[in-house]
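Below is one structure, written out as structure tokens; the observations come after it.
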Amino acid sequence: MEMDKLVSLCKRRGFLFQSSEIYGGLNGFWDYGPLGVELKRNVKEAWWRDMVSGHDDLGVPAGAPEAYEMVGLDCSIIMHPQVWKCSGHYDLFHDFMVDCRESKKRYRHDQVKGRWVSHDGKRLFVATAVEDEQQRSDVQQRALKYFNLRGKDAGDLTWETDLVSLITVTDLAQVLGPDAKQLGTLTPPREFNLMFKTIVGALGGEDDAAFLRPETAQGIFVNFKNVLDSTRVRIPFGIAQTGKSFRNEITPRNFTFRSREFEQMEIEFFCHPDSSFQWYQYWRDRRLKWYVDLGLAGDRLRLREHSADELSHYSCGTSDIEYAFPFLNSGEYGELEGVAHRADFDLRSHMEGKLDPSTRPLKLETGPDGKPRWRGSGKDLSYRDELTNARFIPHVIEPSAGADRATLAFLCEAYTEDQAPDENGVMQTRIVMKLHPRIAPIKAAVFPLVKKDGMPEVAQRIYRDLKRNFNVFYDEKGAIGRRYRRQDEAGTPYCITVDSQTLQDQTVTIRDRDTLRQWRVNLHDCVAELRQRLSP
RNA sequence: GCGGGUGUAGCUCAAUGGUAGAGCGACAGCCUUCCAAGCUGUACACGAGGGUUCGAUUCCCUUCACCCGCUCCA
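In my numbering, the protein residues as written are 888 to 1423.
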């Protein structure tokens, strides 16, 4: 499937529009149209129902170590700035970058290392961005090459310093960039604010800076104690939240896949450290199955377990649920959801202060003065087992899904072109969105076969009956075939048609979107018929 | 952020330094007894800003957006 066909259909039928389109659009922002908003709401509602409100707190789900509870939360988008300092986002999202005008490459300012060297009265800083062990040899080779010397002449070079960070260099004109052949090709370091900054208070200045959340998860961690104190939940349990998050992506791309404003569906699942790996496996498999059950079956969906060197030091497992989006190259997958074992990193960070994720066991990150880089809340976020009186900091499993990415994947998977006969029996190309009935924006359309003989009146009564239960659509205009095809493009799974036989025996036809099969049911049974077919 | 490409009606596309045309779609009406192209009619567009010019949708510059590649991000 070519992506532009789907993009065109989304625009044409009102699934997705570019944000602020009449003003030329805004990079990285998208709007959901009348069909799109129904689809995305259905995706979020299916997630909430399947994970939270419909969860059976008493039973042990297949694959789970034991029964568990689920509760929800909806926290503010703007939180105390200290939240992001302790979570690590503040440091991580404020990188300084330098670009190379010659090689067109971009580097993190603090990660570029190099040495001052001089030869024949010329002095320069040879920079490198290769891995630690190879930095010295890379610097030497490139210095020799620059001065047009052979390897055996390495002794002619005068090294003024050992490897130092590019941060220490003020005059970029004397720098040989990591992939450059000429001097002075690096731009001055520029700050990348990956968190959206805003001001709290009408008279606020820089001291009142706050951030739009880059993830919903931190709101759950900072409310962990509130939930414990107000709900009687006991470990193991999960807190779920859906909501908007914001990241100032450098390169928004690929339709809605990488947006600057996006919606997440996240669970933080709190459990005992001893059973955390079993819970990680449960959530990984459970979340994959959710996508399969809603229609993402097949090769385009996969679970990818992160390799050991990809994992954070504190994590003993992370998996991505990925989908082979049509805009990616063959063999490439895009992340729909990450299921991460986060151990006690987050709760401890909000207690003690920002932890250094590269330490094991985790230690507080300290500044140049030896004091904590960012102070935590100082509140006790440990958990006391009321049966054993044991006190511990829970470990966390985090299934973090993108609502817009899931919605986009469902759209991509649903887009189908097949052949269907026209009124003369000639096969015509048909565009049909084969969305799972649970997430389809319109559940059924009701038509009178023709606009006369009392058929519209009967069809309207059926429409009103159904409308109390489902989002259904009534249409009496034009040829019946055209009305069917319109609903195919909207992804409506069923069409109910009143014909002349209805007037005799009170039955109507129901047409299946995917098979084009039709069968008759009594018009009073339409609600029951649909309910049975739309239930999870 | 860099390089390349693209921007004309809701969608897909055309033409032109002298005031834009088609197909599909939409709407109104007619006709239609089950899978889009039967008839009549209607509405709707040169992404934005500036420049050159008597005159710019067309040429130039800037900008915005989208696509491809790199980079980046996770």
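Virtual Cβ for every residue (Gly too), placed ideally from N, Cα, C.
The model shown is predicted, which means the values in this text are computed figures rather than measured ones.
DSSP-derived helix/strand/coil call for ARG1262: In this structure, ARG1262 counts as strand in the three-state DSSP scheme.
Nearest by alpha-carbon distance to ASP937: which of LYS1330, LYS1176, GLN1105 and PRO968 is it? LYS1176
Would you tell me roughly how many angstroms separate the C-alpha atoms of CYS1299 and GLY1378, rounded to the nearest one? 12 Å
Starting from GLN1289, follow the beta strand (DSSP E) in both directions and report where the run begins and ends. Checking the sequence shown, residue 1289 turns out to be Gly, not Gln. First-last of the beta strand (DSSP E) with GLY1289: 1282-1289.
Taking 8 Å as the cut-off, decide whether the C-beta atoms of LYS1321 and THR1303 are in contact. yes
Determine the contact status of ASP1233 and PHE1108, defining contact as a CB-CB distance below 8 Å. Contact: yes.
As an exercise, report each continuous alpha helix (DSSP H) stretch of at least 4 residues that is fully enclosed by the region 1118-1199, in chain order. List check, alpha helix (DSSP H) in window: 1163-1180.
Using C-beta distances below 6 Å, list every residue in its chain close to GLN1405, excluding the 5 sequence neighbours before and after it, in chain order. THR1396 and ARG1398
Cβ distance (whole Å) where GLN1165 is taken to contact THR1129 below 8 Å: Contact flag wrong, Cβ pair sits at about 26 Å.
From GLY1182 to ARG1400, what does the alpha carbon distance come to, in whole angstroms? 15 Å
Close-in-space but distant-in-sequence residues of the same chain around TYR1371 (CB under 7 Å, 5 per side omitted): CYS1382 and ARG1398
Based on the DSSP secondary-structure assignment, which residues constitute the bridge partners of HIS1228? Paired residues: ILE1284.
Could you tell me which uninterrupted alpha helix (DSSP H) segments, each at least 4 residues in length, are contained entirely in the region 1345-1403, listed from first to last along the chain? 1367-1377 and 1387-1392
Among PRO1259, ARG1189 and THR1246, the one whose alpha carbon lies nearest that of GLY1218: ARG1189
If we ignore side chains and look at the alpha-carbon of each, how far apart do LEU893 and LEU913 end up? Cα to Cα, LEU893 sits roughly 20 Å from LEU913.
Which first and last residues belong to the beta strand (DSSP E) in which ASP1317 is found? The displayed chain sequence assigns Arg, not Asp, to residue 1317. Note, ARG1317: beta strand (DSSP E), 1314-1320.
Determine the direct distance from the alpha carbon of SER1202 to that of ALA1016, and round the result to whole angstroms. 27 Å
Given that a residue counts as buried once 16 or more other Cβ atoms are within 10 Å of its Cβ, and exposed if not, what is ASP1309? exposed
To the nearest angstrom, how far is the alpha carbon of ASN1311 from that of ILE1326? 33 Å
Among GLU1222, ARG1247 and PHE1357, which has the Cα closest to the Cα of PRO1380? PHE1357
The region 1095-1111 touching the region 960-973, judged by at least three CB pairs closer than 8 Å: yes
Cross-strand partners of LYS1112 (DSSP beta bridge): The partner list for LYS1112 (beta bridge, DSSP) is empty, contrary to what the question assumes.
Neighbourhood of PHE1214 by C-beta distance below 6 Å, restricted to the same chain and skipping five residues each side: MET890 and ASN1141
Determine the direct distance from the alpha carbon of GLU925 to that of ALA1184, and round the result to whole angstroms. When only Cα atoms are considered, ALA1184 and GLU925 end up about 22 Å apart.
Mind reading off the beta-carbon distance from VAL985 to ARG1002? Whole number of angstroms is fine, and I expect it under 8 Å. 17 Å between Cβ atoms; not a contact.
Does DSSP put CYS962 in a helix, in a strand, or in coil? coil
So MET890 is in the alpha helix (DSSP H); what residue range does that whole segment cover? Where MET890 is concerned, the enclosing alpha helix (DSSP H) stretches over 890-900.
By the DSSP assignment, the beta strand (DSSP E) with GLN905 in it spans what residues? Start and end: 903-905.
Using 10 angstroms around the beta-carbon of LEU1242, count the other beta-carbons present and answer buried if the total reaches 16, otherwise exposed. buried
List the endpoints of the continuous alpha helix (DSSP H) containing TYR1033. 1022-1033
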